[in-house]
Amino acid sequence: MTYDPTQTTTAPKSDGPAASVAAEALAATATSRGQAIRQRLQQLLAFGGLAILFIVFAIASPQIFPSYSNVTNILFSAVVVGILALGATLVIITGGIDLSVGTGMIFCGVMSATFITNWHIPIALGVPMAILFGGLLGAVNGFNVAVNKLPPFIATLAMMLIAGGLALVVSKEAPIYFPTGYQQISTGTLIGDNLLPGVPLPRNFPNAVIVFAVAAIIATVLLNRTLLGRYDLAIGSNEEATALSGVNVKKWLIVIYAVAGLFTGLAGVMISARLGDAQPTGGQGYELQAIAAVVIGGTSLSGGKGSIVGTLIGALIIAVLNNGLQIISVPQEWRDVILGIVILLAVYADQLRARRGSAT
Amino acid sequence: MTYDPTQTTTAPKSDGPAASVAAEALAATATSRGQAIRQRLQQLLAFGGLAILFIVFAIASPQIFPSYSNVTNILFSAVVVGILALGATLVIITGGIDLSVGTGMIFCGVMSATFITNWHIPIALGVPMAILFGGLLGAVNGFNVAVNKLPPFIATLAMMLIAGGLALVVSKEAPIYFPTGYQQISTGTLIGDNLLPGVPLPRNFPNAVIVFAVAAIIATVLLNRTLLGRYDLAIGSNEEATALSGVNVKKWLIVIYAVAGLFTGLAGVMISARLGDAQPTGGQGYELQAIAAVVIGGTSLSGGKGSIVGTLIGALIIAVLNNGLQIISVPQEWRDVILGIVILLAVYADQLRARRGSAT
Amino acid sequence: STGNTGSPASSGAASGGSAGGQKYIAIVSKGFQHQFWQAVKKGAEDEAAKVGARVTFEGPASETEVESQITMLTNAIAKKPDAIAFAALDSKAAASQLAQIQSQKIPLIAFDSGVDSDIPVTTASTDNKAAAAEGAKHMCALIGNAGKVAMVVHDQTSRSGIDRRDGFIAGIKANCPNVTLLDPQYGGGDQAKSADITKSIILANPDLKGIFGSNEGSAIGIVKGVQELSKTGLAIVGFDSGKDQKDAITSGLMAGAITQNPVGMGAATVDAAMKAIAGTSQPKTIDTGFYWYDKTNITDPKIAAVLYD
Amino acid sequence: MPVPANDSLTGPYDADLLLQAEGVTKSFPGVKALSGMRLDLRKGEVLALVGENGAGKSTLMKLLTGIYQMEEGQFWLEGQPLSVKNPKEAQERGLAIIHQEFNLMPDLTVAQNIFIGREPLTGGFFTKPKELEAQARELIDRLGLPLDPSAKVHSLTVAKQQMVEIAKALSYNARVLIMDEPTAALNDAEVDTLHDLIRRFITPQTGVVYISHRMPELKRIADRVTVIRDGEYIDTLNMAEATLDQVISRMVGRAIDTSARPENVRTDRPVLLTVENLSTKELLQDVSFDLYEGEILGFAGLMGAGRTEVARAIVGADPRTSGTIRLRGKIVNPHNAAEAAKQGIGYLSEDRKKYGLMLGQAVASNIAISSLADQFSRFGFVNDRAIAKVAGEQRVALRIKTPSVAQLAKNLSGGNQQKVVIARWLVKNSDVLIFDEPTRGIDIGAKDEIYHLLNRLASEGKSIIMISSELPEVLRLSHRIVVMAEGRITAVLAAADASQESIIALATHPDGGPLAAAGADHHEEDAR
Ligand SMILES: Nc1ncnc2c1ncn2[C@@H]1O[C@H](COP(=O)(O)OP(=O)(O)OP(=O)(O)O)[C@@H](O)[C@H]1O
Ligand SMILES: Nc1ncnc2c1ncn2[C@@H]1O[C@H](COP(=O)(O)OP(=O)(O)OP(=O)(O)O)[C@@H](O)[C@H]1O
Ligand SMILES: [Mg+2]
Ligand SMILES: [Mg+2]
């Protein structure tokens, strides 16, 4: 592209190039659309990895693996890690990390039970309260990161320990059982069975998957369409520059960690609803699974870029692997080995793609 | 410090400003000595945190906590996490992270047992082989990070899964017991009892602590006095600039991860020697403890700076907390909460110090 | 201050833990967070309150953390208790700590599973293998001695996991050799994970007749998985108790379960410790027993007493 | 008539030439950075390489030193074909380069930075810290640089960091020294120091390729100048015979009036911003001044005089220990840049890479970031169409050279990156704009555009604080000039009273030489 300096130099002064401005803007939109398509293609490729896995397992186990009920099974098993990964995506895009989601989720489940079972708050109110409680934990993380300037790894590692301990303390080290009805949030089958009785919708489709889908849509909108998403990307790209651009980075970091905490709270509700009780233990390990889902999905741990669709694909890759390896009876001791290798390959392929992308 | 531009401009030509250059240099030395002292003070302050903890527990339990045998206990309990943290320090200084040290250590313990028990290799040969095996795992991590350009978090997360799985596969899911003698590596008391029988050295001082001390000295020399340490810091500080300066960054990254792997291997030997058998499971969680020790010790997760002394203090803070909370009979469910809060406070204090430090 | 004398005996046992004549028993268990261990803890604490002793109870977060259990035991020794009770994760690994306990003349009680050593005064334990075999016997009866049976086991390397798995397999072989046993699957005792595993097993084996869960988390996970698939006609045999398992048995979802007597185990451990402190002689082993319970006997006072929520 | 000086360019294989390039071609996605480019460097000369932002200067040097690989073309070193695969090989062949962007390890010391990859060792592995420091001290002393070999580089000012880069490059004992805008961060006195170093480097066997956008420098240091435009070779001139105007017209294709003076200077406007007794913990002492509506207030001073710190303290990016910031008489005292931006004070940092750009984000996102909340969103939802439209307009208006506003900021040349940051604050439409070194690294044509832009903004009623280390620029634009030294204001000069000499005197003799008194006399706002 060459440009005529004599003409363009005068641009700021005269009205002449108004038309060309409009054309430029149009061209810009067109190019960005081109990029968007390329981006979608990249995601399709990540999706391709998932598809390949699916096909491999489907060939190995044509009767069982691709059956409707097994696919529902896979989706169901992806719900908790998936919801955690949605929040983790937002945090990781800032260049941070959240290790507290595993025990934080357990703590939120315990709080949900405390509200609903111990304090007799109705489910319709207790569940939002539990989710908000997750937001509170997240906000504390955000405060420690943004205001106290602690490294996110440390701030959330400490929260991981604290939340895990407090879950034991609050629950008095015993599971708390929910009233009937609570379990419906996860294992009920609203769609098909109750919602639109006449319509031929799939049966036995668990609510948990619908909640997950709604959560994913909310996360997508948050990231792509709102100020939160923009500032998320900007902070991850260059925090100091974002601050000097007039963005209240501290506030937004707290908001982003808090929103991630809301997803942790939701995951806490979903896991306790699945079980019908709030277990005060466990949760460790979920944080690494969530982060793995995010990174397999192409979000960079150094911040500044990421996508929710990618995270969904990452979560599904993990779920498909766990399910498929069991369905085709791979000995259990080999499954982690294979999972590790697939993670390596998935991220390596992504790297290659990214490098090729930038080279052409 | 101001300098007079008119004077400096002529400096290269005339002999005039030679004196002023010398004065500059002198002033510079004074400043750098000031800096060194301030640095040492900072470490003293981190040490101060450890000292405060120690004093608090000693007051709470004057009979038991500060006793010789309990202090030995504390040191002993810090050995495995501490050795892992030494290697983690080297990796974290590059700006990387190593999540594979926990299961990697377990795998190395299993390999040690495979060599010594199953293949009947003498202990004196089997132990170095197990340590080298750790180096191999580390080198694979390094290769994935440096050559395949995988994010360290992912490369080592995958290795965490793979090493954990292979430990099960190799051991056939059962602990492997070592011949007698192996356990002496950890629980034997060479010093005082056998080494210098006449000299009044402390009795019952476990070999594990001595191994740890030697490992710490090696790590200190590596970091502060060798090319490896220099390039470690340089890569963490600015990887691209280091590469542009003609340093073979890929090679050195592999070397650094491999060396960290040697420490993982050593930790595997020490933990299996302590137990007298190689347990094929467990190990998860050690990586976070090791990283916590490194960060509490003031090493920055963004790379470029860190110290082994700091890591030692960090590992001791964790060990003292775990021991002291049990000694003064704090209910177990509260211990993680307190550990989390102490980590927050320790790193926060470090931040404040750093900020004050940079302001003066 | 005290300390670096190298001979800890100087401060004396009295100043260590057992101030004012109250005996102090340090209990180091295999776990802490799970309901089973909480029940043991409760039994121990109640018994201690009854006899006027003080107990501390701790255990690692998971049964794979052998090293941290050893550290806990070491720290417990440092507190110079009047007696120590220990449930070893790795019966060999604690050899030097046991020697130290012996040399300091602290009576040692083993519980839950034994250690390869004659240092313990007595061992209060359940025979996990026999208990699981009992479960297998009931499984055989429930499925008419034929068909496919699956196992969801909580761990492949811990003693209790291995014993219950092997005991169940042995029980099936002994009682109904025609039954096809699928490869055991390991769910870490995590309910959600065990539920996912169960669903995959059921989907992969539509002709499955029965499933065995080796501990509370595994058993409840099986129940959840079966519920989520709305599968009927499966014989589920569990292990341990807890509210969910009791509910499942009452409602008929679960055929029955083996329970140990964790509360009783805790109490027996403290009781044995007190006897050892007093120097009373006692048998080398105390069998804390196990029971099969199902819909028919769950309200039986003798059974109800060993169940916990 | 321009004087052609390239008649010596007798084609390839000329062993008398130190370095030659022929037909060099290189493309990036959507950009042809170089096409058929050529260049020849004689022994013993300083060859300046000039061209607009994005012309391809840095790319050519990166090809030469093995950072990129070219598609077509050939280099020769003393008549021998030269093709290096990586920076280390370039060093071995005698090519040393100071990149446009710093390539230092901030956490290492000066000495460690200089000798990275060439440390004195025992046994090939153990470092010798004392010897390293001694070597560094010897080098630094020989070069006469005011550096402390044991200081950590991150504690140094930008100018001193540049000196470390220079010391490092000179330490290689290279035959060819390439300097990509080495003076962009230096003030005039430091530039003189650098030029001395270059002159001492030149022997009959060595040569320097010197890239700069600061035209007046060329007369002082360069023997010849090669002009490049849009990736293509234009011309090579003998500096002794050519005029700067000739160079500039080849560069930008038109003449630029370099002697212009401030426009629209008016004294009848109301005061917009008042800064009273501004102090910071470290440096600033009682800084007070007024900024009128529609005024360009220049800030001059030496490196470290505290001009950047004034700007950062005003917007609250650094804490103030005392001081009041008033906007239209109302106290605002922002605590951070967000509050300042909300009040209508925008700050454009001097270090665009560190404090300006989100390099991994699109140009459009970089332009919109400050205005997202107030212009490009409703109920928290972002309007991407509006962003693309406004960014496209800015791209045209500022001639930002990029294939599209969706391009990532990191793929733009340095000067174009600077324009993106400027566009951000134009879109934000702040009343007070603080431009810290707004033309750092910008080509003369773009500079001229930015000057017009600043004048236009001022005439539209915006108030501008312009911090610059280039005195001609300060003199050309400023309605009034604040001179700072050691954290204090030493004088406020009216445009008509200011000259390079008076400013330098005020900046270097803060305690008041005769000139300082004369200069400060006229003004009511002498801070002391
Ligand atoms: N890595 C890259 N990816 C894509 N485009 C690039 C890359 N590097 C440079 N370019 C483009 O190549 C062209 C030449 O850039 P170059 O940096 O060589 O310009 P320059 O002459 O040094 O400009 P300046 O004076 O602004 O530094 C520009 O259009 C720039 O945007
Ligand atoms: N990152 C830093 N670390 C330590 N000191 C700094 C840092 N940045 C600036 N300074 C110091 O702060 C003082 C003021 O610098 P400032 O950048 O405000 O000066 P300036 O007049 O803008 O000069 P210039 O920008 O040309 O260097 C100087 O003494 C400088 O050494
Ligand atoms: Mg350039
Ligand atoms: Mg400045």
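Protein sequence lines, in the order shown, are assigned to chains C, E, P and G.
Heads up: the first sequence is residues 94 to 453, going by this note's numbering.
Heads up: the second sequence is residues 94 to 453, going by this note's numbering.
Heads up: the third sequence is residues 101 to 409, going by this note's numbering.
Heads up: the fourth sequence is residues -6 to 521, going by this note's numbering.
For every residue, glycine included, the Cβ atom is placed at its ideal position computed from N, Cα and C.
Which residue marks the beginning of the alpha helix (DSSP H) containing residue i, and which one marks its end?
{"i": "Ser330 (chain C)", "result": "320 to 330"}
{"i": "Trp345 (chain C)", "result": "342 to 368"}
{"i": "Phe200 (chain C)", "result": "194 to 206"}
{"i": "Trp137 (chain P)", "result": "135 to 151"}
{"i": "Asp387 (chain P)", "result": "Taken as a continuous stretch (DSSP letters only), Asp387 (chain P) belongs to no alpha helix (DSSP H), being part of the beta strand (DSSP E) at 385 to 387."}
{"i": "Leu225 (chain E)", "result": "216 to 239"}
Buried or exposed: where does residue i fall if 16 or more other Cβ atoms within 10 Å of its Cβ makes it buried?
{"i": "Tyr243 (chain G)", "result": "For the sequence presented, residue 243 (chain G) should be read as Arg rather than Tyr. Its Cβ being crowded by 16 or more others within 10 Å, Arg243 (chain G) is buried."}
{"i": "Asp9 (chain G)", "result": "exposed"}
{"i": "Asp141 (chain G)", "result": "buried"}
{"i": "Thr3 (chain G)", "result": "Low local confidence applies: a pLDDT of 47 at Thr3 (chain G) is under 50, so the model's placement there is unreliable, and no value is given."}
{"i": "Leu381 (chain C)", "result": "buried"}
{"i": "Thr101 (chain E)", "result": "With a pLDDT of 33 at Thr101 (chain E), under the threshold of 50, the modelled position of that residue is not reliable, and the figure given next carries that caveat. Buried."}
{"i": "Gly121 (chain P)", "result": "exposed"}
{"i": "Leu418 (chain E)", "result": "buried"}
{"i": "Thr124 (chain C)", "result": "Annotation note: pLDDT 47 at Thr124 (chain C) (below 50); position unreliable, coordinate value reported separately. Buried, because 16 or more other Cβ atoms sit within 10 Å of the Cβ of Thr124 (chain C)."}
{"i": "Pro277 (chain P)", "result": "exposed"}
{"i": "Asn241 (chain E)", "result": "exposed"}
{"i": "Trp345 (chain C)", "result": "buried"}
{"i": "Ser225 (chain P)", "result": "buried"}
{"i": "Gln154 (chain G)", "result": "buried"}
My guess is that residue i and residue j are in contact by the Cβ rule of under 8 Å, so how many angstroms apart are they, rounded?
{"i": "Pro299 (chain E)", "j": "Thr282 (chain E)", "result": "6 Å"}
{"i": "Ala304 (chain G)", "j": "Asp424 (chain G)", "result": "Actually they are not in contact, since the Cβ atoms of Ala304 (chain G) and Asp424 (chain G) sit about 15 Å apart, beyond 8 Å."}
{"i": "Cys201 (chain C)", "j": "Gly339 (chain C)", "result": "With a Cβ gap of about 35 Å, Cys201 (chain C) and Gly339 (chain C) do not count as contacting."}
{"i": "Ile389 (chain E)", "j": "Ile436 (chain E)", "result": "6 Å"}
Answer with yes or no whether the minimum CB distance from residue i to chain D is below 8 Å.
{"i": "Ser338 (chain C)", "result": "In the displayed structure, chain D is absent; the protein chains listed are C, E, P and G."}
Which stretch, first to last residue, makes up the beta strand (DSSP E) that contains residue i?
{"i": "Thr156 (chain P)", "result": "154 to 158"}
{"i": "Lys25 (chain G)", "result": "24 to 35"}
Query raised in the report: Between the segment 262 to 275 of chain E and chain P, which residues of the former have a C-beta closer than 9 Å to a C-beta of the latter?
Result: Residues Ser264, Glu266, Ala267, Pro268, Tyr270.
Query raised in the report: Okay, do the segment 403 to 417 of chain C and the segment 426 to 439 of chain C touch, 3+ Cβ pairs below 8 Å being the bar?
Result: Touching, yes.
Query raised in the report: Along the segment 397 to 427 of chain C, what residues have a CB closer than 9 Å to any CB found in chain E?
Result: For the segment 397 to 427 of chain C, the residues whose beta carbon sits under 9 Å from a beta carbon of chain E are, in order, Pro424, Gln425, Glu426, Trp427.
Query raised in the report: At a Cβ cut of 7 Å, what residues of the segment 112 to 125 of chain G count as close to chain E, listed as they run along the chain?
Result: Residues Glu112, Leu114, Phe118, Phe119, Thr120.
Query raised in the report: Is it a yes or a no for the segment 312 to 321 of chain G touching the segment 354 to 371 of chain G, going by three-plus beta-carbon pairs under 8 Å?
Result: Put simply, the segment 312 to 321 of chain G does not touch the segment 354 to 371 of chain G. Fewer than three CB pairs are less than 8 Å apart.
Requested in this report: Decide if the segment 163 to 181 of chain P is in contact with the segment 144 to 151 of chain P; the criterion is three or more beta carbon pairs, one per stretch, under 8 Å apart.
Outcome: Taking a cut-off of 8 Å for Cβ pairs, the segment 163 to 181 of chain P and the segment 144 to 151 of chain P do not touch, as fewer than three such pairs fall below it.
Query - Where the segment 60 to 91 of chain G meets chain E: residues whose CB sits under 9 Å from a CB there - result: Only those residues of the segment 60 to 91 of chain G whose C-beta falls short of 9 Å from the nearest C-beta of chain E are listed: Ile60, Asn79, Pro80, Lys81, Glu82, Ala83, Gln84, Glu85, Ile90.
Query raised in the report: Given 8 Å as the limit, is there contact between the segment 377 to 396 of chain C and the segment 185 to 203 of chain C, that is, 3 or more CB pairs closer than that?
Result: Segments in contact, yes.
Query raised in the report: Is the number of C-beta pairs between the segment 175 to 194 of chain G and the segment 293 to 309 of chain G that are closer than 8 Å three or more?
Result: In short, these stretches touch, since the Cβ pair count reaches three.
**Report entry** Cβ-based contacts, 8 Å cut-off: residues of the segment 360 to 381 of chain C near chain P
**Finding:** Of all residues in the segment 360 to 381 of chain C, only Ile364, Arg367, Leu368, Gly369, Asp370, Gln372, Pro373, Thr374, Gly375, Gln377 come within less than 8 Å of chain P when Cβ atoms are compared, listed by chain position.
Report task. Answer yes if the segment 279 to 295 of chain G comes into contact with the segment 452 to 461 of chain G, meaning at least three C-beta pairs across the two stretches below 8 Å, and no otherwise. Result -> In short, these stretches touch, since the Cβ pair count reaches three.
Query raised in the report: If you pair each beta-carbon of the segment 403 to 412 of chain E with each one of the segment 228 to 244 of chain C, do three or more pairs fall below 8 Å?
Result: Taking one beta carbon from each stretch, the segment 403 to 412 of chain E and the segment 228 to 244 of chain C have fewer than 3 pairs nearer than 8 Å; the two do not touch.
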